[in-house]
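With numbering that gives the first Met the number 0, the residue at position 70 of the sequence shown is 69, and numbering never jumps.
Here a beta-carbon is modelled for each residue, glycine too, at the ideal position from N, C-alpha and C.
Only one structure is covered here, and it is reproduced in the block below.
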Amino acid sequence: MSKVYIFNAAPISLYMTVNNGPKRFTVAECDSTSWAPGVPAAADLPVFTGSASGAPGEFKVGVNSVEITPTSGGGQSSVSITIPTSVNPRDELQIYIFWASTTSVSWMLLSDGAPIQGSFVIP
0 MSKVYIFNAA
10 PISLYMTVNN
20 GPKRFTVAEC
30 DSTSWAPGVP
40 AAADLPVFTG
50 SASGAPGEFK
60 VGVNSVEITP
70 TSGGGQSSVS
80 ITIPTSVNPR
90 DELQIYIFWA
100 STTSVSWMLL
110 SDGAPIQGSF
120 VIP
């Protein structure tokens, strides 16, 4: 298993759950003066199982259901993050989260720093 690093590009902190897991991860807000993304504490990182089966709260190969809610309240956003089978189970994953609007989240998935999936298109 490897860690999944979550980066929050929004100026508000977020709660996140993975695959209906019991643990709610808290992801800090970005620094609004430098726009450096916020991250969870090292002990508060989800894991990537590297296989098609994973327990609730873990990322797995295939479709992962992720719920994201601002800590200040407001609407919850659900996203599906697909991790392809080509990802090495030992790779560290990074997910950058962006608010596309007040009610929807966009994301970019990287494997050892190389982009592999995303939910947005830049015109």
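Which of the three DSSP states is assigned to residue i in this structure?
i: Ala113; result: strand
i: Ser1; result: strand
i: Phe6; result: strand
Suppose the cutoff is 8 Å on Cβ atoms and the five residues either side in sequence are ignored; what does the same chain contact list for residue i look like?
i: Pro83; result: Val60, Ile115 and Gln116
i: Thr102; result: Gly74 and Ser76
i: Ser50; result: Lys59, Val60 and Pro88
My understanding is that residue i touches residue j, with C-beta atoms under 8 Å, so please give their C-beta distance in whole angstroms.
i: Lys22; j: Gly56; result: 5 Å
i: Val104; j: Val78; result: 5 Å
i: Ile5; j: Ile96; result: 7 Å
If I measure Cβ to Cβ from residue i and keep anything under 7 Å in the same chain, skipping five residues before and after, which residues do I get?
i: Cys29; result: Asn7, Ala8, Ala9, Pro10, Ala35, Pro36 and Gly37
i: Gly53; result: Asn18 and Lys59
i: Asp43; result: Phe24 and Thr25
i: Met0; result: Val46, Phe47, Thr48 and Gly49
Grab me the residues of residue i's own chain with a C-beta within less than 6 Å of its C-beta, minus the 5 sequence neighbours each way, in chain order.
i: Ile68; result: Note that residue 68 is Thr in the sequence shown, not Ile. Cβ neighbours of Thr68 beyond the five flanking positions: Tyr14 and Gln75.
i: Ser71; result: Ile11
i: Leu109; result: Gln93
i: Phe119; result: Ser105
Residue i CB to nearest chain B CB: under 8 Å?
i: Arg89; result: The structure shown contains no chain B, having only a single protein chain.
Note to self: Quick test of the definition: if touching needs 3 or more C-beta pairs under 8 Å, does the segment 59-73 touch the segment 13-29?
What the structure shows: yes
Next item on the list: Count the CB pairs spanning the segment 35-45 and the segment 78-91 that are closer than 8 Å, and state whether there are at least three.
Entry: no
Item checked: Every unbroken beta strand (DSSP E) inside the segment 16-40 [3 residues or more] -> 24-26
Next item on the list: Pick out the complete beta strand (DSSP E) segments inside the segment 35-108, 3 residues or longer, and give them in chain order.
Entry: 61-69, 76-82 and 92-98
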